[in-house]
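Report on the following structure.
2 protein chains.
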Amino acid sequence: ARPRVGYFYSGKSANQLLIEHIQSLMVKDYKSRPVVVQEKTSVYDAICTMFLEDVGTLYVVKGQNRLSGVLSRKDLLKAAMGNHELTAVPVSVVMTRMPNIVTCKLDDTLVHAAGQMMRHQVDSVPVVRIAGDEEWEIIGRITKTTIARAFVELGENISI
Amino acid sequence: ARPRVGYFYSGKSANQLLIEHIQSLMVKDYKSRPVVVQEKTSVYDAICTMFLEDVGTLYVVKGQNRLSGVLSRKDLLKAAMGNHELTAVPVSVVMTRMPNIVTCKLDDTLVHAAGQMMRHQVDSVPVVRIAGDEEWEIIGRITKTTIARAFVELGENISI
Chain L
350 ARPRVGYFYS GKSANQLLIE HIQSLMVKDY KSRPVVVQEK TSVYDAICTM FLEDVGTLYV
410 VKGQNRLSGV LSRKDLLKAA MGNHELTAVP VSVVMTRMPN IVTCKLDDTL VHAAGQMMRH
470 QVDSVPVVRI AGDEEWEIIG RITKTTIARA FVELGENISI
Chain E
350 ARPRVGYFYS GKSANQLLIE HIQSLMVKDY KSRPVVVQEK TSVYDAICTM FLEDVGTLYV
410 VKGQNRLSGV LSRKDLLKAA MGNHELTAVP VSVVMTRMPN IVTCKLDDTL VHAAGQMMRH
470 QVDSVPVVRI AGDEEWEIIG RITKTTIARA FVELGENISI
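Protein chains in written order, with the numbering used here: chain L, 350 to 509; chain E, 350 to 509.
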């Protein structure tokens with residue numbers, strides 16, 4: 350039967366349509382560029398990088414963009430308060446280290462990445478792909494800003 | 350006409366239903382408790398409060414919860430790097446001051462508050478109500494975490 354004017358066929362509730370739309374948003378389409386520093390970078394230089402790049406999280410890499418650790422504003426603030434000689438301490442001393450880092454993959458949904466941030470109480474998740482035994486290449490990041498932007502796009506203008 | 354099984358009346362596209370649902374989410378139903386410090390609180394004590402309360406933004410008040418300023422992690426990190434005597438510097442010296450603060454109200458939509466964060470590149474907005482001439486009482490906050498949580502709720506389980 351063809352839908353009459355004013356009706357549309359669905360078989361699905363508005364509820365389901367909404368969930369399906371949100372679950373169609375993928376990490377690969379929303380990821381942004383990760384800002385990385387090397388393991389031997391000093392805490393002082395890392396703080397400068399965070400300001401210059403205006404990001405809340407830095408990723409620490411070794412070799413060919415192999416994810417080694419994460420530096421949050423909180424990690425750096427804690428180090429800055431500790432009266433250390435900030436130019437002498439490498440970030441590898443204060444970072445959170447792999448594999449104790451929550452990551453996501455290109456073909457994860459954006460909702461999954463957002464859920465991971467909520468469950469693990471972190472501000473961002475790096476997007477990685479497996480690059481060998483116990484090695485992950487960092488290829489992007491999803492942050493709470495990414496999620497807030499997607500939310501605003503959904504609420505202000507959307508095409509299903 | 351009554352809708353047949355498998356059809357539902359709407360007159361609206363799925364698109365419109367989604368936008369309307371998101372725009373029905375209100376600041377008053379999502380706001381969380383603001384963490385406040387006094388104008389004379391030292392930068393050192395403010396950093397400790399930020400750690401203990403595990404928040405990214407502190408609000409500075411005077412008198413009866415009158416919003417006076419905002420302290421971001423970035424403001425405090427900048428002060429901590431400056432080799433100041435952190436226990437001697439009051440937060441009023443390093444905070445962003447009213448009226449240069451983006452705020453929202455109880456009856457704003459959550460999408461509006463999220464849009465304000467995106468447009469002004471801030472991590473949170475205080476929820477205020479007018480308390481006199483050039484005076485605003487702080488009664489809550491909306492953060493990017495609030496928005497990410499709402500997004501996850503929408504995508505995982507929703508009732509329209």
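We put the CB at the ideal spot given by N, CA and C, even for glycine.
Here the structure is a predicted model, which means the values were calculated and not measured.
Assigned secondary structure, residue 387/L (DSSP; H/G/I helix, E/B strand, else coil): Strand.
Buried versus exposed call for residue 386/E [16 or more other C-beta atoms within 10 Å across all chains shown]: buried
Whole-angstrom distance between residue 461/L and residue 449/L, CA atom to CA atom: 18 Å
Closer than 9 Å at the beta carbon, the chain E residues around residue 460/L: 500, 501, 503, 504, 505
The ligand ATP heavy atom lying under 7 Å from the CB of residue 475/L: In the structure shown, the ligand ATP is absent, as is every other ligand, since no ligand is present at all.
Beta-carbon gap between residue 376/L and residue 455/L smaller than 8 Å: yes
Under 9 Å from the C-beta of residue 447/E: neighbouring residues of chain L: Chain L residues near residue 447/E: none, gap ~23 Å exceeds 9 Å.
Paired residues, beta bridge with residue 484/E - DSSP: 481/E
Which listed residue (470/E, 430/E, 457/E) has its alpha carbon closest to that of residue 393/E: 430/E
Alpha carbon of residue 465/E to alpha carbon of residue 451/E, nearest angstrom: 7 Å
Beta-carbon spacing of residue 476/E, residue 489/E below 8 Å: yes
Buried versus exposed call for residue 436/E [16 or more other C-beta atoms within 10 Å across all chains shown]: The residue is exposed, with fewer than 16 neighbouring Cβ atoms inside 10 Å.
Chain-order list of residues whose beta-carbon lies under 6 Å from that of residue 424/E (same chain, five-residue window excluded): Counting only Cβ-Cβ distances below 6 Å, and skipping sequence neighbours, we find 443.
Which residues DSSP lists as bridging residue 491/E, in chain order: According to DSSP, residue 491/E bridges with 474/E.
Listed by chain order, chain L residues near residue 494/E by CB distance under 7 Å: In chain order: 493.
7 Å Cβ cut-off: residues of chain L touching residue 372/E: 504
Pair within 8 Å by beta-carbon distance, residue 463/E and residue 493/L: no
Beta-carbon proximity of residue 418/E to residue 473/E, cut-off 8 Å: no
Neighbour list for residue 466/L in chain E, Cβ cutoff strictly below 9 Å: Listed by position along chain E, the residues whose Cβ is nearer than 9 Å to that of residue 466/L are 494, 497, 501.
Range of the contiguous beta strand (DSSP E) that encloses residue 407/E: 406 to 411
Proximity winner among 487/E, 506/E, 395/E, relative to residue 380/E (alpha-carbon distances): 487/E
CB contact check: residue 396/E to chain L, cutoff 8 Å: yes
Chain-ordered neighbours of residue 429/E on chain L, where CB pairs are closer than 7 Å: 426, 429, 430
Residue of 415/E, 440/E, 378/E minimising C-alpha distance to residue 399/E: Comparing Cα-Cα distances from residue 399/E to each of 415/E, 440/E, 378/E, the minimum goes to 440/E.
C-alpha gap between residue 499/L and residue 374/L, whole angstroms: Whole-angstrom Cα-Cα distance: 9 Å.
Range of the contiguous alpha helix (DSSP H) that encloses residue 392/L: 392 to 402
Test item: CB-CB of residue 426/L and residue 459/E under 8 Å: no
Residue 420/E (DSSP reduced to helix, strand or coil): Residue state for residue 420/E is assigned as strand, using DSSP reduced to three classes.
C-beta atoms of residue 407/L and residue 420/L nearer than 8 Å: Yes.
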